[in-house]
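4 protein chains.
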Amino acid sequence: MVEPAVKMGPEELTGFLDKIFPQMHALGRVFFIDEILPNKAVVRLKANDSHLRPGGTVSGPSLMTLVDYAAYVVLLGNMGLQALAVTTNININFLRKANAGDMIATCRILKGGKRLVVMDCEIVREGSDELIAHATATYSMPPAK
Amino acid sequence: MVEPAVKMGPEELTGFLDKIFPQMHALGRVFFIDEILPNKAVVRLKANDSHLRPGGTVSGPSLMTLVDYAAYVVLLGNMGLQALAVTTNININFLRKANAGDMIATCRILKGGKRLVVMDCEIVREGSDELIAHATATYSMPPAK
Amino acid sequence: MVEPAVKMGPEELTGFLDKIFPQMHALGRVFFIDEILPNKAVVRLKANDSHLRPGGTVSGPSLMTLVDYAAYVVLLGNMGLQALAVTTNININFLRKANAGDMIATCRILKGGKRLVVMDCEIVREGSDELIAHATATYSMPPAK
Amino acid sequence: MVEPAVKMGPEELTGFLDKIFPQMHALGRVFFIDEILPNKAVVRLKANDSHLRPGGTVSGPSLMTLVDYAAYVVLLGNMGLQALAVTTNININFLRKANAGDMIATCRILKGGKRLVVMDCEIVREGSDELIAHATATYSMPPAK
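Residue numbers (our numbering), protein chains in the order written: chain A, 7 to 151; chain B, 7 to 151; chain C, 7 to 151; chain D, 7 to 151.
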């Protein structure tokens, strides 16, 4: 198991991610890193009209993008800047209708190996503890030099 | 098994989807329905700079959005306009680096039940037959009235 | 959300499951229900030689069988005897080598709907808190009469 | 992509697997390799009473065991005897009630990488082309020496 030591804070990591994923903010900044903890991180999607489906529901792709971003945050925040880590699998269960509002993803590392890192993420709407979605994500780490 | 009869063509379905998901085209139209066939559909993402990650790779969330859209196309195209069908699960394996270009998703219905519809989708880059990603998607159908 | 009220205890449920799945004990009894709690259950696989792969590792199919059994236990223990509930999806990540010993699965209900029940399960080896495997399981409930 | 060259035939591979998984036949031989083809294999489960659930349905764990075995067959048959390859993920959708009979799994390699091999498997009942189950399986390959 990788040492669960936080390698950097939200501000430093936001700066790094802004540089490599500038297009995430093409329609305005909506993703925010709330916390980076040992083997864990909390990331927020401030869902606006562009994320809504008919009936005022936050869309599935918006939640999947949140999972991908949040999983990358917990990985980089705990294992250092590994821009070359690549997602190999995401499995997401959509559990409840996501009404408009802030979506909070809490991701944790289930296994931090040298080659594969597996995480799970729970998404709730701010102010509720009912799960909107649950996902697992696997990243492949670049070979050590 | 639901009758595998095509219920509408690409133009009619594009018109319907434009109305319910107008925000999909917020940055310009990038999703196109190539074909609707019995139990099957082919959908294209014309990936542009806004979909690329460092190194010129089409991003994971862009491919997940393509899966979600394409699975909905095969479902509606074959089962009629069910705006109330909701995604319950997406599982996606990212298999190869997706270089910039048109991403082609071919989705088919594995099981078209009254309550659940399960599909799989293969994504290739136009002009290649190597799989970029493989996904399964499950939709829950609204109760019959 | 289904009321998280425990409907029956380990002994009563073991008796029911023994009747409908007698073949699970064809090689001796290896599955045991430790606890049934609100929206949760703990189930044990006493892995013996018949579950081991070369190198003394508990096999993947043994762990998948444990997930299927444990998910069914949490579902029946909390929602009553629904012999007609059927598994629609299992997704399992194998995280660490499972050395011989008791495998403990803790499953909880993420969403207890009228039509779909989604659970996740964590498997550890007794005496350790490192995850051996993590799974999600979805069951489809029979239509209410 | 790994060269899609068949490395050995069903008999040779059956002999190898019998040695490393002797306990698979504890209740009699039920798994049979029908064919090994480039990037593909066909494996049969002769389901007997020990695999049935109430109502005469082949159990989920029996089908998951078939997937795990068949995925290993396509991997070894095409990439050579890699006893150290380990399953990292299996995702299975159960699509239709599996009536008693021979279950035929056809697995193919979607991506044969140096570190990860991803496969999908379709299971039908002999004599039918309706899918009973669809699965994806990922194996991690041992580091090259």
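Ideal placement from N, C-alpha and C gives every residue a C-beta, glycine not left out. Small disclaimer: the values here were computed from a predicted structure and weren't measured.
What residues are listed by DSSP as bridge partners for Met109 of chain A?
Translated into the one-based positions of the first sequence, residue 109 of chain A becomes position 103. Answer by DSSP bridge pairing, in chain order: A:Leu51, A:Arg131.
Cβ shell of Asn99 of chain D (< 6 Å), same chain only, five flanking positions each side left out:
One-based indexing of the fourth sequence puts residue 99 of chain D at position 93. Taken in chain order, the residues that qualify are His140.
Below 8 Å between beta carbons is the criterion; list the residues of the region 114–137 of chain A that meet it against any residue of chain C, in chain order.
Leu116, Lys117, Val124, Asp126, Glu136, Leu137
Once DSSP output is grouped into helix, strand and coil, what is the label at Met7 of chain A?
For the purposes of this step, residue 7 of chain A is taken as residue 1 along the first sequence, with counting starting at 1. Per-residue confidence for Met7 of chain A stands at a pLDDT of 44, beneath the threshold of 50, marking its modelled position as unreliable; no derived number is given.
For Thr93 of chain B and Asp74 of chain B, I'd like the C-alpha separation in whole angstroms.
Start at 1 with the first residue of the second sequence, and residue 93 of chain B comes out as number 87. Start at 1 with the first residue of the second sequence, and residue 74 of chain B comes out as number 68. Distance between the alpha carbons of Thr93 of chain B and Asp74 of chain B: 8 Å.
Any beta carbon of chain A sitting closer than 8 Å to that of Val36 of chain B?
One-based indexing of the second sequence puts residue 36 of chain B at position 30. No, Val36 of chain B does not count as interfacial toward chain A.
Helix, strand or coil at Lys13 of chain B according to DSSP, with G and I counted as helix
On the second sequence, residue 13 of chain B is found 7 positions in, with the first residue counted as 1. Looking at Lys13 of chain B - three-state DSSP - the assignment turns out to be coil, as it is neither helix nor strand.
Could you tell me the alpha carbon to alpha carbon distance between Tyr145 of chain D and Asp40 of chain B, rounded to whole angstroms?
In the fourth sequence, residue 145 of chain D corresponds to position 139, counting from 1. In the second sequence, residue 40 of chain B corresponds to position 34, counting from 1. Between the C-alpha atoms of Tyr145 of chain D and Asp40 of chain B there is a straight-line separation of about 34 Å.
Given a threshold of 16 other Cβ atoms within 10 Å of its Cβ, counted over all protein chains shown, does Phe38 of chain A qualify as buried or as exposed?
Counted from its first residue, the first sequence places residue 38 of chain A at position 32. So Phe38 of chain A counts as exposed.
Smallest Cα separation from Glu136 of chain C: which of C:Leu122, C:Pro149, C:Thr142, C:Ala111?
Taking the third sequence and counting its residues from 1, the one referred to as residue 136 of chain C is at position 130. Selected option, being the one with the closest Cα: C:Ala111.
Just verifying my parser: in three-state terms, what is the DSSP assignment at Met85 of chain A?
What you label residue 85 of chain A is simply residue 79 of the first sequence in a count that begins at 1. Helix, per DSSP.
Which residues of the region 50–72 of chain A have a Cβ closer than 8 Å to any Cβ of chain D? Give them in chain order.
none
Thr94 of chain D: contacting residues in chain C (beta-carbon distance under 9 Å):
The residue given as residue 94 of chain D occupies position 88 in the fourth sequence. Simply Asn99, Phe100, Leu101.
Just curious, the beta strand (DSSP E) that Leu137 of chain D is in, first and last residue?
As a working note, residue 137 of chain D is residue 131 in the fourth sequence. Looking at the DSSP string, the run of the beta strand (DSSP E) that includes Leu137 of chain D is 137–146.
Is the distance from the Cβ of Cys113 of chain A to the Cβ of Lys46 of chain A below 8 Å?
Taking the first residue of the first sequence as 1, we reach residue 113 of chain A at position 107. Taking the first residue of the first sequence as 1, we reach residue 46 of chain A at position 40. A contact, by the Cβ cut-off of 8 Å.
Under the three-state DSSP convention, the category Lys25 of chain C falls into:
Here the question's residue 25 of chain C lines up with position 19 in the third sequence. Lys25 of chain C: helix per DSSP, three-state reduction.
So which residues of chain C does Ile26 of chain D contact, with C-beta pairs closer than 9 Å?
Here the question's residue 26 of chain D lines up with position 20 in the fourth sequence. The answer, in chain order, is Arg59, Pro60.
Please list, in chain order, all residues of the same chain as Asn54 of chain C whose beta carbon is under 7 Å from its beta carbon, the five residues on each side excluded.
Locating residue 54 of chain C in the third sequence gives position 48, where the first residue counts as 1. Closer than 7 Å at Cβ, skipping near neighbours: Val36.
Would you kindly report the start and end of the unbroken beta strand (DSSP E) that includes Leu43 of chain C?
As a working mapping, residue 43 of chain C is identified with position 37 in the third sequence. Taken as a continuous stretch (DSSP letters only), the beta strand (DSSP E) holding Leu43 of chain C covers 37–43.
Can you tell me whether DSSP reads Pro149 of chain A as helix, strand or coil?
As a first step, residue 149 of chain A must be located in the first sequence, where it is residue number 143. Reduced to three states, the DSSP call for Pro149 of chain A is coil.
Lys120 of chain C to Met147 of chain C, Cα distance in whole Å?
In the third sequence, residue 120 of chain C corresponds to position 114, counting from 1. In the third sequence, residue 147 of chain C corresponds to position 141, counting from 1. One C-alpha to the other measures close to 7 Å.
Under 8 Å between C-beta atoms, does Ala32 of chain A make it to chain B?
The residue you call residue 32 of chain A lines up with position 26 of the first sequence. Yes, its Cβ sits closer than 8 Å to a Cβ of chain B.
Under 8 Å, Cβ to Cβ, is there at least one residue of chain B near Gln29 of chain A?
Your numbering for residue 29 of chain A matches position 23 in the first sequence. Yes - at least one Cβ of chain B is within 8 Å of the one on Gln29 of chain A.
If you measure between the beta carbons of Ile42 of chain B and Leu58 of chain B, is that distance less than 8 Å?
Translated into positions along the second sequence, residue 42 of chain B becomes position 36. Translated into positions along the second sequence, residue 58 of chain B becomes position 52. It is not a contact, given that the beta carbons lie outside the stated cut-off.
8 Å is my cut-off, CB to CB: does Thr142 of chain D come that close to chain B?
Taking the first residue of the fourth sequence as position 1, residue 142 of chain D is located at position 136. Chain B, which has a Cβ nearer than 8 Å to the Cβ of Thr142 of chain D, makes this yes.
Quick one: grab the DSSP three-state call for Leu101 of chain A.
In the first sequence, residue 101 of chain A corresponds to position 95, counting from 1. Residue state, collapsed to three classes: coil.
With a cut-off of 8 Å on the beta carbons, I'd call Met109 of chain D and Leu51 of chain D a contact; round off their distance for me.
Start at 1 with the first residue of the fourth sequence, and residue 109 of chain D comes out as number 103. Start at 1 with the first residue of the fourth sequence, and residue 51 of chain D comes out as number 45. With a Cβ gap of about 4 Å, Met109 of chain D and Leu51 of chain D count as contacting.
Rounded to whole angstroms, what is the Cα-Cα separation between Met14 of chain C and Val80 of chain C?
Stepping through the third sequence from its first residue, residue 14 of chain C is reached at position 8. Stepping through the third sequence from its first residue, residue 80 of chain C is reached at position 74. Roughly 10 Å between the two C-alpha positions.
Can you tell which of C:Pro28, C:Gln88, C:Gly21, C:Ile129 has its C-alpha closest to the C-alpha of Ala76 of chain C?
The residue given as residue 76 of chain C occupies position 70 in the third sequence. The residue with the shortest Cα to Cα distance from Ala76 of chain C is C:Ile129.
Look at the alpha carbon of Thr142 of chain D and the alpha carbon of Ile96 of chain D, and state the distance between them as a whole number of angstroms.
Looking up residue 142 of chain D in the fourth sequence gives position 136. Looking up residue 96 of chain D in the fourth sequence gives position 90. Cα-Cα distance, rounded: 6 Å.
Take the Cβ of Lys117 of chain C as the centre, count every other Cβ of all protein chains shown within 10 Å, and call the residue buried at 16 or more, exposed below.
For the purposes of this step, residue 117 of chain C is identified with residue 111 of the third sequence, where counting begins at 1. The residue is buried, with at least 16 neighbouring Cβ atoms inside 10 Å.
8 Å Cβ cutoff, Asp40 of chain B in contact with chain A:
Within the second sequence, residue 40 of chain B is the residue found at index 34, counting from 1. False, the Cβ-Cβ gap to chain A never drops below 8 Å.
Rounded to the nearest angstrom, what separates Leu101 of chain A and Val124 of chain C at their Cα positions?
Numbered from its first residue, the first sequence carries residue 101 of chain A at position 95. Numbered from its first residue, the third sequence carries residue 124 of chain C at position 118. Going from the Cα of Leu101 of chain A to the Cα of Val124 of chain C covers about 8 Å.
Chain-ordered neighbours of Asp108 of chain C on chain D, where CB pairs are closer than 9 Å
In the third sequence, residue 108 of chain C corresponds to position 102, counting from 1. Taking a Cβ-Cβ cut-off of 9 Å, Asp108 of chain C has no neighbours in chain D, whose nearest Cβ is about 18 Å from it.
Please find out if some non-hydrogen atom of the ligand MG comes closer than 7 Å to the beta-carbon of Gly86 of chain B.
The model on display carries no ligand, and the ligand MG is accordingly not part of it.
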